[in-house]
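J.: For what it's worth, this note's numbering labels the leading residue of the sequence shown as 577, then goes sequentially.
Ideal placement from N, C-alpha and C gives every residue a C-beta, glycine not left out.
Note that the coordinates shown come from a computational prediction; the quantities given were computed from them, not determined experimentally.
First, the structure itself, so that you have it in front of you.
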Amino acid sequence: ANRAYAYFFHDRTHRMTPEGRQRLETIAEQTDLGAGYSIAMRDLEMRGAGDILGARQSGHVAAVGFHLYTRLLAQAVKRLKAGVGVKDEVIDLDLSLTTVDLPLPSTLPSEYISDRNLRLRLYRRMAEIKDEKQIANLSSELQDRFGALPKPVENLLYQIRVKVLAHHASVEAVASEEGQIVLKSRLWETDAGRRKIGAAIDATARVSKGKVWLPRSTDKDWRETLIEVLEKLGKV
């Protein structure tokens, strides 16, 4: 096979547009075999993709990237669809609809992984995680490549684990409210639903309509308690 070369020239007396410079930089950076797909995706990010990602949405696409933008868009559509239907209908949640908002600093610090693009790729991988085995594999990989996990990374992997377990337990949201951890699910809005989960929670927890409240003031680490409760709820 013969290798082909392409040379691009521009007149320095004419100022290049930001878009033109970005396109040249993209071509220069993408040198691996099969890089055409990455170049095409980058071009889509810059252009917008049709009416739904056209000029009016291009600012959002540029801010978060085409891949993440389409994921967020799909998630928003699923949320709207999930809100339609009878109240007693069985809820079949998509993992992306489960939300976790805990008081834990969770990130991939630049001091741990200096390459910004690599951090973004890892965030995307984390967004695709479906089970605990994938979390364990990623944890091992990060330690092998970058060393011991700093606390923010441990917290990030913990919150992903919480999300996976919550999804399996049909929990729609895990958050911190009024100094407590609250789990939310429409399945618990009925008396029958609340009775069903009674065996999965201990005496310190409080059950209200659609919510389970876990105290954070106990001697035991609340993070361990949360994992245990979610595991039990997943078996109910």
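1) Which residues mark the beginning and the end of the beta strand (DSSP E) in which residue 789 is found?
2) Flag this pair as yes or no: are the beta carbons of residue 760 and residue 786 separated by less than 8 Å?
3) Could you compute how far the alpha carbon of residue 805 sits from the alpha carbon of residue 675?
4) Residue 759 by DSSP, collapsed to three states: which one?
5) Indicate the three-state DSSP secondary structure (helix, strand or coil) for residue 749 in the structure shown.
6) Give every residue of the same chain whose Cβ lies closer than 6 Å to the Cβ of residue 556, excluding the five residues on either side of it in the sequence, and list them in chain order.
7) Would you report the Cα separation of residue 780 and residue 800, rounded to the nearest angstrom?
8) Using the C-alpha atoms, what's the distance from residue 751 back to residue 683?
9) DSSP state of residue 801, grouped into three classes?
10) Short of 7 Å in beta carbon distance, which residues of its chain neighbour residue 744, apart from the five on each side in sequence? Order them along the chain.
11) Take the Cβ of residue 706 as the centre, count every other Cβ of all protein chains shown within 10 Å, and call the residue buried at 16 or more, exposed below.
12) Can you tell me whether residue 754 is buried or exposed, with buried defined as 16 or more other CB within 10 angstroms of its CB?
13) Helix or strand or just coil, what does DSSP make of residue 582?
14) Whole angstroms are fine: how far does the CA of residue 808 sit from the CA of residue 763?
15) Helix, strand or coil: which one does DSSP assign to residue 675?
16) Going straight from the alpha carbon of residue 731 to that of residue 595, what length do you get?
17) Rounding to the nearest angstrom, what Cα-Cα distance links residue 535 and residue 778 in this structure?
18) For residue 686, count neighbouring C-beta atoms within 10 Å of its own C-beta (all shown protein chains included) and say buried if the count is 16 or more, exposed if not.
19) Have a look at residue 652 and residue 749 and give me their C-alpha separation to the nearest angstrom.
20) Give a single yes or no on whether residue 789 has its beta carbon closer than 7 Å to a heavy atom of the ligand COA.
T.: Quick look at the numbers:
1) Start at 1 with the first residue of the sequence shown, and residue 789 comes out as number 213. 787–791 is the extent of the beta strand (DSSP E) around residue 789.
2) Indexing the sequence shown from 1 puts residue 760 at position 184. Indexing the sequence shown from 1 puts residue 786 at position 210. It is a contact, given that the beta carbons lie within the stated cut-off.
3) For the purposes of this step, residue 805 is taken as residue 229 along the sequence shown, with counting starting at 1. For the purposes of this step, residue 675 is taken as residue 99 along the sequence shown, with counting starting at 1. Distance between the alpha carbons of residue 805 and residue 675: 17 Å.
4) As a first step, residue 759 is located in the sequence shown; it is residue number 183 there, counting from the start. Three-state result, residue 759: strand.
5) One-based indexing of the sequence shown puts residue 749 at position 173. Note: residue 749 maps to strand in three-state DSSP.
6) Because residue 556 is not part of the residues shown, which for the chain are 577 to 812, the question remains open.
7) Sequence index remark: in the sequence shown, residue 780 carries index 204 (1-based). Sequence index remark: in the sequence shown, residue 800 carries index 224 (1-based). Straight through space, the alpha carbons of residue 800 and residue 780 are spaced by roughly 14 Å.
8) Mapped onto the sequence shown, residue 683 falls at position 107. Mapped onto the sequence shown, residue 751 falls at position 175. The straight-line gap from Cα to Cα measures roughly 17 Å.
9) Working through the sequence shown from its first residue, we reach residue 801 at position 225. Helix.
10) In the sequence shown, residue 744 corresponds to position 168, counting from 1. 810, listed in sequence order.
11) As a working note, residue 706 is residue 130 in the sequence shown. Around the beta-carbon of residue 706, fewer than 16 other beta-carbon atoms lie within 10 Å, marking it exposed.
12) By 1-based counting over the sequence shown, the position of residue 754 is 178. Classification for residue 754: exposed.
13) As a first step, residue 582 must be located in the sequence shown, where it is residue number 6. Residue 582: coil per DSSP, three-state reduction.
14) Walking along the sequence shown from the start, residue 763 turns up at place 187. Walking along the sequence shown from the start, residue 808 turns up at place 232. Per the coordinates, the alpha-carbon of residue 763 lies some 15 Å from the alpha-carbon of residue 808.
15) Residue 675 sits at position 99 when you count from the first residue of the sequence shown. If DSSP states are grouped into helix, strand and coil, residue 675 belongs with the strands.
16) As a first step, residue 731 must be located in the sequence shown, where it is residue number 155. As a first step, residue 595 must be located in the sequence shown, where it is residue number 19. Rounded to the nearest angstrom, the two C-alpha atoms are 38 Å apart.
17) Past the edges of the chain, shown from 577 to 812, lies residue 535, and the structure says nothing about it.
18) Along the sequence shown, one-based indexing puts residue 686 at 110. Residue 686 should be labelled exposed.
19) For the purposes of this step, residue 652 is taken as residue 76 along the sequence shown, with counting starting at 1. For the purposes of this step, residue 749 is taken as residue 173 along the sequence shown, with counting starting at 1. Their Cα atoms are separated by approximately 15 Å.
20) As presented, the structure is devoid of all ligands, the ligand COA included, so that no description of it is given.
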